[in-house]
Amino acid sequence: MGASLVAGVDCPRTTGEFRGWFSSGAACRDYLAWVRWPDGFACPACGGAGWAMADGTFRCRACLARTSVTAGTLFDHARTPLTVWFELCWRFATSKQGVSAREAMRDLGIGSYRTAWGMCQRLRRVLVRPGRERLSGVVEVDETFVGGVEPGLAGGRARGKKSLVAVAVETPGRPRLGRARLQVVSDASAETLGRFVRDHVEPGSVVVTDAWSGYTGQALAGYSHRVVNQSQALRDGAAHDGLPPAAHRVAALLKRWLLATHQGSASAGRLQDYLDEWVFRFNRRRSRHRGLVFYRVIQLAVGHEPVRYRQLIHEPRDPDDEPGGYPRGRGGRPESIKPQVKGYPWRSQRD
Ligand SMILES: [Zn+2]
Numbered sequence: 637m638g639a640s641l642v643a644g645v646d647c648p649r650t651t652g653e654f655r656g657w658f659s660s661g662a663a664c665r666d667y668l669a670w671v672r673w674p675d676g677f678a679c680p681a682c683g684g685a686g687w688a689m690a691d692g693t694f695r696c697r698a699c700l701a702r703t704s705v706t707a708g709t710l711f712d713h714a715r716t717p718l719t720v721w722f723e724l725c726w727r728f729a730t731s732k733q734g735v736s737a738r739e740a741m742r743d744l745g746i747g748s749y750r751t752a753w754g755m756c757q758r759l760r761r762v763l764v765r766p767g768r769e770r771l772s773g774v775v776e777v778d779e780t781f782v783g784g785v786e787p788g789l790a791g792g793r794a795r796g797k798k799s800l801v802a803v804a805v806e807t808p809g810r811p812r813l814g815r816a817r818l819q820v821v822s823d824a825s826a827e828t829l830g831r832f833v834r835d836h837v838e839p840g841s842v843v844v845t846d847a848w849s850g851y852t853g854q855a856l857a858g859y860s861h862r863v864v865n866q867s868q869a870l871r872d873g874a875a876h877d878g879l880p881p882a883a884h885r886v887a888a889l890l891k892r893w894l895l896a897t898h899q900g901s902a903s904a905g906r907l908q909d910y911l912d913e914w915v916f917r918f919n920r921r922r923s924r925h926r927g928l929v930f931y932r933v934i935q936l937a938v939g940h941e942p943v944r945y946r947q948l949i950h951e952p953r954d955p956d957d958e959p960g961g962y963p964r965g966r967g968g969r970p971e972s973i974k975p976q977v978k979g980y981p982w983r984s985q986r987d
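Numbers in this note's numbering are just positions in the sequence shown, counted from 1, shifted up by 636.
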């Protein structure tokens with residue numbers, strides 16, 4: 637993530653600073669514009685340059701089209717004020733355990749559970765970027781069952797479906813964990829697990845698995861495959877249930893989070909969205925500043941196409957379907973941009 641970003645200038649350092657910066661819709665809009673158009677406004681219709689209008693919209697110099705900074709982004713047509721969206725993004729990025737729809741509704745004064753749920757769900761949709769780097773080095777791979785109970789179904793508590801989740805985690809040196817990837821998979825066949833590994837692990841890496849027959853030589857062609865012997869693992873003080881220790885620990889952390897923050901409300905059809913949220917936070921747990929994670933959430937949101945409520949309801953995501961629209965990174969200081977409003981820290985000129 638952008639090494640050129642400066643906490644305290646490009647993103648807030650603390651919740652207090654966050655509140656000071658983003659108390660008005662105008663400030664939120666300007667920040668979105670600054671993140672969305674690092675080189676200055678570019679007309680979504682024709683790519684032309686333009687200028688900011690007094691009402692916060694932008695006008696293209698070439699085609700004269702008027703556009704708002706939220707048009708065509710995740711915040712498009714949002715009825716919830718941007719200040720509330722920002723607060724949710726801040727919590728989403730900075731709180732260790734994330735935020736549930738119920739907490740968002742209560743703490744942010746959002747009118748209905750439906751609205752709060754829709755906002756949280758939209759944020760989850762932006763968190764996976766296509767083409768992200770695959771895991772490398774020594775990577776433990778396993779699969780685990782998640783879920784089973786869905787509160788809130790018609791008729792009270794009902795038995796939900798358990799989902800099989802493939803787990804991959806880098807082990808740069810025990811007991812340290814590196815980055816992780818989680819994906820809902822249809823089965824534990826050699827074909828499915830092989831695809832999971834190819835999608836998420838750099839060829840040439842060392843893949844550590846248990847002795848499950850799904851991890852065949854053919855499925856893991858191109859990798860150095862190490863099978864963990866269960867009795868050996870037990871002697872090493874490892875997993876009692878056969879999971880390699882690192883993958884087991886990741887699975888345990890995930891399940892604890894699903895229960896604690898979401899009370900197990902991640903239904904089978906939407907589980908991948910929750911997995912993406914958890915992985916996003918897990919892989920940034922050592923980020924040198926939480927504010928940088930907030931910047932990243934905002935950047936992904938303005939780079940993502942709008943998500944309609946009916947899409948959230950009726951179209952649970954295909955696990956293999958990665959959302960598009962990854963925004964290009966902010967590189968260096970834009971030259972052409974002029975501060976539209978004085979006094980915003982992110983608009984300050986520095987050399
Ligand atoms: Zn234009």
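Ideal Cβ positions, reconstructed from N, Cα and C, are used throughout, including at glycine.
Near residue i, which residues of its chain fall below 6 Å by C-beta distance, leaving aside the five closest residues on each side in sequence?
| i | result |
| --- | --- |
| Leu936 | Val762 |
| Val775 | Ala804, Glu806, Val837, Ser841, Val843 |
| Ala902 | Leu894, Tyr910 |
| Gly967 | The predicted position of Gly967 is uncertain, since its pLDDT is 39 and thus under 50; a value taken from the coordinates is nonetheless stated next. Once the five neighbours on either side are set aside, Gly967 has no close Cβ partner at all. |
| Gln899 | none |
| Thr703 | Pro680, Phe694 |
| Arg649 | Ala643, Gly927 |
| Met689 | Arg695 |
| Phe654 | Pro648, Trp726 |
How about residue i and residue j: are their beta carbons less than 7 Å apart?
| i | j | result |
| --- | --- | --- |
| Cys682 | Ala707 | no |
| Cys664 | Leu718 | yes |
| Ala740 | Leu724 | yes |
| Val764 | Asp666 | no |
| Leu890 | Ala855 | no |
| Pro801 | Val782 | The displayed chain sequence assigns Val, not Pro, to residue 801. Yes, these two residues count as a Cβ contact at 7 Å. |
| Gly850 | Ala824 | yes |
| Tyr945 | Gly745 | no |
| Leu907 | Gln757 | no |
| Lys797 | Ala662 | no |
Please list, in chain order, all residues of the same chain as residue i whose beta carbon is under 7 Å from its beta carbon, the five residues on each side excluded.
| i | result |
| --- | --- |
| Thr897 | Gln733, Gly734, Ser736 |
| Leu928 | Met637, Leu641, Ala643, Cys647 |
| Phe728 | Gly734, Val735, Leu759, Val933 |
| Ser972 | Confidence in Ser972 is poor, its pLDDT being 37 and thus under 50, which makes the residue's placement too unreliable to answer from. |
| Ala857 | none |
| Val915 | Ala816, Arg817, Leu818 |
| Asp835 | none |
| Ser984 | Val645 |
| Arg892 | none |
Given residue i, which residues of its chain have a CB within under 8 Å of its CB, disregarding the five upstream and five downstream residues?
| i | result |
| --- | --- |
| Arg672 | Val705, Thr709, Val938, Gly939, Pro963 |
| Asp954 | Residue placement at Asp954 is flagged as unreliable, the pLDDT there being 47, under the threshold of 50; a coordinate-derived value is accordingly withheld. |
| Gly773 | Glu806, Thr807, Pro808, Gly814, Ser841, Val842 |
| Gly961 | Confidence is the limiting factor: at Gly961 the pLDDT is only 32, short of 50, which leaves the residue's position unreliable, though a coordinate-based value still follows. The residues are Gly939, His940, Glu941. |
| Ser748 | Met741 |
| Val886 | Val803, Val805, Leu813, Ala816, Leu818, Phe918 |
Say the cut is 6 Å; is the CB of residue i nearer than that to a heavy atom of ligand 1?
| i | result |
| --- | --- |
| Cys682 | yes |
| Ala701 | yes |
| Ala698 | yes |
| Cys725 | no |
| Cys679 | yes |
Assuming the contact rule is C-beta atoms closer than 8 Å, residue i and residue j should be a hit. Round their C-beta distance to whole Å, please.
| i | j | result |
| --- | --- | --- |
| Thr852 | Ala826 | 5 Å |
| Leu771 | Arg812 | Contact flag wrong, Cβ pair sits at about 14 Å. |
| Ala678 | Ala669 | Between Ala669 and Ala678 the Cβ distance is about 11 Å, and since that is not below 8 Å, they are no contact. |
| Ser799 | Val820 | 5 Å |
| Arg926 | Thr730 | 4 Å |
| Phe711 | Trp721 | 6 Å |
| Pro981 | Trp687 | About 22 Å; that fails the 8 Å criterion. |
| Tyr859 | Pro881 | 19 Å between Cβ atoms; not a contact. |
| Thr780 | Thr751 | Not confirmed; about 33 Å, so no contact. |
Per the DSSP calculation, residue i is bridged to which residue(s)?
| i | result |
| --- | --- |
| Trp721 | Looking at the DSSP assignment, Trp721 forms no beta bridge with any residue, so it has no partner. |
| Gln757 | Bridge partners of Gln757: none, in fact. |
| Val774 | Val842 |
| Glu806 | Val775 |
| Trp687 | Arg695 |
| Leu895 | DSSP lists no partner for Leu895. |
| Arg703 | Residue identity differs from the one stated: residue 703 is Thr in this sequence, not Arg. Answer is Phe694. |
| Leu800 | Phe781, Val821 |
| His884 | Paired residues: none, contrary to the question. |
| Ala643 | Cys647 |
| Arg922 | Partner(s): none; Arg922 has no beta bridge. |
| Ala714 | DSSP lists no partner for Ala714. |
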